[in-house]
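A.B. asks: I'd like to ask some things about the structure below.
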Amino acid sequence: MDDRTHGAETQAPDEMFLRDGTTAFWDEKGKLPKPRSRVRWVFLLGIAVLLGLGLYRVATALRVPKESGADRQTAPQPVGVATIGTGDIKIVVTALGTVTPIATVTIKTQVNGQLLEVGFKEGQWVKKDDFLAQIDPRPFQLAQAQYEGQLVHDQGLLEQAKMDLARYQTLVTQNSIARQQSEDQVYIVKQYEGSVKLDQAQIDNQKLNLIYAHIVSPVDGRIGLRLVDPGNFVQTTDPGLVLVDQMHPISVIFIVPEDDIPEIMTAIHAGTALEVKAYDRANVTYLATGKVSALDSQIDPTTGTVKLRADFDNLDDKLFPNQFVNARLLLKTLHGVVTVPSNAVQRGAPGTFVYLVGADDTVSARTVSLGPLDGDKYAVNSGLSLGDRVVVDGADRLRDGAKVLIPASGDVSDGRPTQPADGETPAKNVSSKKEPPRSR
Numbered sequence: 000m001d002d003r004t005h006g007a008e009t010q011a012p013d014e015m016f017l018r019d020g021t022t023a024f025w026d027e028k029g030k031l032p033k034p035r036s037r038v039r040w041v042f043l044l045g046i047a048v049l050l051g052l053g054l055y056r057v058a059t060a061l062r063v064p065k066e067s068g069a070d071r072q073t074a075p076q077p078v079g080v081a082t083i084g085t086g087d088i089k090i091v092v093t094a095l096g097t098v099t100p101i102a103t104v105t106i107k108t109q110v111n112g113q114l115l116e117v118g119f120k121e122g123q124w125v126k127k128d129d130f131l132a133q134i135d136p137r138p139f140q141l142a143q144a145q146y147e148g149q150l151v152h153d154q155g156l157l158e159q160a161k162m163d164l165a166r167y168q169t170l171v172t173q174n175s176i177a178r179q180q181s182e183d184q185v186y187i188v189k190q191y192e193g194s195v196k197l198d199q200a201q202i203d204n205q206k207l208n209l210i211y212a213h214i215v216s217p218v219d220g221r222i223g224l225r226l227v228d229p230g231n232f233v234q235t236t237d238p239g240l241v242l243v244d245q246m247h248p249i250s251v252i253f254i255v256p257e258d259d260i261p262e263i264m265t266a267i268h269a270g271t272a273l274e275v276k277a278y279d280r281a282n283v284t285y286l287a288t289g290k291v292s293a294l295d296s297q298i299d300p301t302t303g304t305v306k307l308r309a310d311f312d313n314l315d316d317k318l319f320p321n322q323f324v325n326a327r328l329l330l331k332t333l334h335g336v337v338t339v340p341s342n343a344v345q346r347g348a349p350g351t352f353v354y355l356v357g358a359d360d361t362v363s364a365r366t367v368s369l370g371p372l373d374g375d376k377y378a379v380n381s382g383l384s385l386g387d388r389v390v391v392d393g394a395d396r397l398r399d400g401a402k403v404l405i406p407a408s409g410d411v412s413d414g415r416p417t418q419p420a421d422g423e424t425p426a427k428n429v430s431s432k433k434e435p436p437r438s439r
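Residue numbers (numbering that gives the first Met the number 0): 0 to 439.
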C-alpha cells in the first residue's frame, strides 16, 4: 500500500461535520463540546405564557365586580321600613338576685331530753303555733312536783315566823323579852319570804321547760326535711330538728350599681313604690311582680353595688328559697317620646345613624342621638321626627343615596306591621304592563 495513502488515512481530521451541517470543533483536551440545550428556552416560554394568563385573569376579576357593583347600585334594593312614632319607654335596671325567705327558722330544742314524737310530715305547710315535736316531759313534771312540795314547806315556816314576830312585838311592849329577840325575828321572816319566792321560781322554771318540751311552729311556712328521727336524745347544742321557711310573702335580694342610687332614693322619698319583676335564671320566663321594701345602708366597696330587697306575694309558689333569678327594677317611665326600632339603628364611621327613606325612595344616612332602650325600641333624643321612614330590614346592602324598593307589606309602624282600617282591604300590587295573550 502506498505510504501516502496510509498516512492520509491515519491522520485525524482537523474538523468533523455534524448531521445538521454544522461544524463541530474539538477543544483543547480533544473532547467534543456539548450542544446548546433547547429545554431552557421552552421553559422560559412556558413561564411567560402562564404569567400572561394570570395577568389576564386578574384584570378580568377586577373588572367584573365593578360592573356588577354598578348594576347593583343602579337597581333599587328591596327593604323593609318603619314609620317613626311616639310611645312610652320604661327605664329598667336588670340585676341578678336570689330568692330569700323573709323568715327562715331552724327548729331547735331548748331542753335536753328524748324526742318522743314528731307531729309533721316533710314538706308540709304549717301555721303558727302548729305542733311539731314533743320532748319527754316527765323529768320536768317530777321536778315541778318537787319544787311545789318545797314551796309548801317554806310557806309553813314563813307563817310560823310571822306569828312568832307578832308575839315578840307584843312582849317587847310589855318589857317581857329583850328587844333584840324581836328584831332578830323580823329578819327570820324575810329569810323565809325569800325561800318561798325561790321555790316559786323553781316551779315556774319547770313549767317553762314543759312548754319548751312541746315544740310548735313560730311562723307560717313550709317544713323542710327532718334532721332528727324520734327516739333520739336531743340537746340544746344540736344543729336542729327541721327548717321552716316562710313562703307567703317571700323576698328577692338583688344588687344594683351605685350609679342608680340617686334615682332610687328620689323615688323612695317621693313615696313611689318601685316595681320589680322577677324572671328565671335564663331571663326568659316571667315569674312574679313585687315591690321594693328595703335598701341596704351601705355600698359594697369591692363591687360598687348596693343590695335591695323586694317582697313578692308568691301565692302561686313560683319563687323558691335560694332560687337564682333576674330582677328587673322599673325606675321610671318616659311617656310620649319619639321611638325608633332597634333593628333600624346602625353604627359605623358617622357614629350612630339610620337610613332615612326620602319621598323619592332614596335613602340617606341620618345621624341620631339615642336614649334608653326598652325591649326592641330606643328613645330618640334628636335626629328623627314623627312620620319619618327608616330602613329596618336590608340596611346591610345600602349606601348613602341608594334607591330602594318598598314592598306593599314592607312598611311597618314603629317596628310593627301596620294594620288596615276597619272595612279596608290592603292594596295589591298590580303591574302597569298588561300580560300578553298566550298563543294557542
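Where a beta carbon is used, it is the ideal one built from N, C-alpha and C, also for glycine.
Whole angstroms are fine: how far does the CA of ILE222 sit from the CA of LYS331?
C.D. replies: 39 angstroms
A.B. asks: Beta-carbon within less than 6 angstroms of GLY112's beta-carbon, same chain only, minus the 5 sequence neighbours each way: which residues are those?
C.D. replies: ILE134, ASP135
A.B. asks: Is it true that the CB of PRO340 sits closer than 7 angstroms to the CB of ALA364?
C.D. replies: no
A.B. asks: For LYS126, which residues from the same chain have a beta carbon less than 6 angstroms from its beta carbon, with the 5 sequence-adjacent residues on both sides left out?
C.D. replies: Around LYS126: ASP219.
A.B. asks: Return helix, strand or coil for HIS247, following the three-state DSSP convention.
C.D. replies: coil
A.B. asks: Under 7 angstroms between the Cβ atoms of LEU383 and ILE88?
C.D. replies: no
A.B. asks: Could you give the first and the last residue of the continuous alpha helix (DSSP H) run that contains ARG225?
C.D. replies: Segment: none, ARG225 is in no alpha helix (DSSP H) and carries neither H nor E.
A.B. asks: Please list the segments of the alpha helix (DSSP H) lying wholly inside the stretch 254 to 319, counting only runs of 4 or more residues, in order along the chain.
C.D. replies: 260 to 268
A.B. asks: Hey, how far is the Cα of HIS152 from the Cα of GLN199?
C.D. replies: 12 angstroms
A.B. asks: Take every Cβ of the stretch 387 to 398, pair it with every Cβ of the stretch 354 to 371, and state whether three or more of those distances are shorter than 8 angstroms.
C.D. replies: yes
A.B. asks: If ALA266 sits next to LYS290, beta carbons under 8 angstroms apart, how far is it from one beta carbon to the other, in whole angstroms?
C.D. replies: With a Cβ gap of about 11 angstroms, ALA266 and LYS290 do not count as contacting.
A.B. asks: Per DSSP, what kind of secondary structure is GLN201 in: helix, strand or coil?
C.D. replies: helix
A.B. asks: Skipping 5 residues on each side, what residues in its chain have a beta carbon closer than 6 angstroms to that of ILE187?
C.D. replies: ALA160
A.B. asks: Report the residue from GLN190, SER181, THR169 whose alpha carbon sits nearest the alpha carbon of GLY155.
C.D. replies: GLN190
A.B. asks: Let me check understanding here. Comparing Cα to Cα, which of ILE202, VAL41, THR302 lies closest to GLU147?
C.D. replies: If we check each option's Cα against that of GLU147, ILE202 comes out closest.
A.B. asks: For the alpha helix (DSSP H) containing PHE139, list its first residue and its last residue.
C.D. replies: 137 to 172
A.B. asks: Between the Cα of THR97 and those of GLN76, ARG225, THR108, LYS276, spot the shortest distance and give me the residue it belongs to.
C.D. replies: Nearest of GLN76, ARG225, THR108, LYS276 to THR97, Cα basis: LYS276.
A.B. asks: In the stretch 85 to 123, which residue ranges form an unbroken beta strand (DSSP E) of at least 3 residues, counting only runs that do not cross its ends?
C.D. replies: Counting only runs of at least 3 residues, the stretch 85 to 123 fully encloses the following beta strand (DSSP E) elements, listed from N- to C-terminal order: 103 to 106, 112 to 117.
A.B. asks: How would you call LEU240, buried or exposed, if buried means at least 16 neighbouring beta carbons within 10 angstroms?
C.D. replies: buried
A.B. asks: Would you call VAL57 buried or exposed, if buried means 16 or more other Cβ atoms sit within 10 Å of its Cβ?
C.D. replies: exposed
A.B. asks: For VAL255, which residues in the same chain have their Cβ closer than 8 angstroms to its Cβ, ignoring the five residues on either side in sequence?
C.D. replies: Here VAL255 has VAL92, ALA94, ILE263, THR304, VAL305, LEU307, LEU328 as same chain residues with Cβ atoms under 8 angstroms from its own Cβ, once five neighbours each way along the sequence are excluded.
A.B. asks: How many Å lie between THR237 and ASP315 at the Cα?
C.D. replies: The sequence shown places Asp at residue 237, not Thr. Answer to the nearest angstrom: the Cα atoms are 34 angstroms apart.
A.B. asks: Please confirm whether PRO75 and LYS402 have their CB atoms less than 7 angstroms apart.
C.D. replies: yes
A.B. asks: Which residue's Cα is closest to the Cα of ALA212: SER194, GLN140, ASP163?
C.D. replies: GLN140
A.B. asks: Let me know the secondary structure DSSP gives SER194 once reduced to three states.
C.D. replies: helix
A.B. asks: Could you work out which residue in ILE210, SER181, GLY270 is closest to PRO138 when comparing CA atoms only?
C.D. replies: Nearest neighbour of PRO138 by Cα position, chosen from ILE210, SER181, GLY270, turns out to be ILE210.
A.B. asks: To the nearest angstrom, how far is it from the Cα of THR99 to the Cα of GLY79?
C.D. replies: Taking the straight line joining both Cα atoms gives about 47 angstroms.
A.B. asks: Under the DSSP definition of a beta bridge, which residues are partnered with GLY350?
C.D. replies: According to DSSP, GLY350 bridges with GLY347.
A.B. asks: I'd like to confirm the pairing. Which residues does DSSP put opposite TYR377 in its beta bridges?
C.D. replies: VAL339, LEU372.
A.B. asks: Whose C-beta lies closer than 8 angstroms to the C-beta of THR366 among residues of the same chain, with five residues either side of it excluded?
C.D. replies: PRO349, GLY350, THR351, PHE352, GLY382
A.B. asks: Determine the direct distance from the alpha carbon of PRO371 to that of GLN109, and round the result to whole angstroms.
C.D. replies: 56 angstroms
A.B. asks: Using the beta-carbon count (16 or more within 10 Å), is TYR285 buried or exposed?
C.D. replies: Result: exposed.
A.B. asks: Going straight from the alpha carbon of SER368 to that of ALA378, what length do you get?
C.D. replies: 9 angstroms
A.B. asks: Name the one or two DSSP bridge partners that SER363 has.
C.D. replies: LEU355
A.B. asks: Look at the alpha carbon of GLN168 and the alpha carbon of SER181, and state the distance between them as a whole number of angstroms.
C.D. replies: If you take the alpha carbons of GLN168 and SER181, they lie about 6 angstroms apart.
A.B. asks: Among VAL243, ALA81, VAL324, LEU333, which has the Cα closest to the Cα of GLU121?
C.D. replies: In terms of Cα proximity to GLU121, the closest of VAL243, ALA81, VAL324, LEU333 is VAL243.
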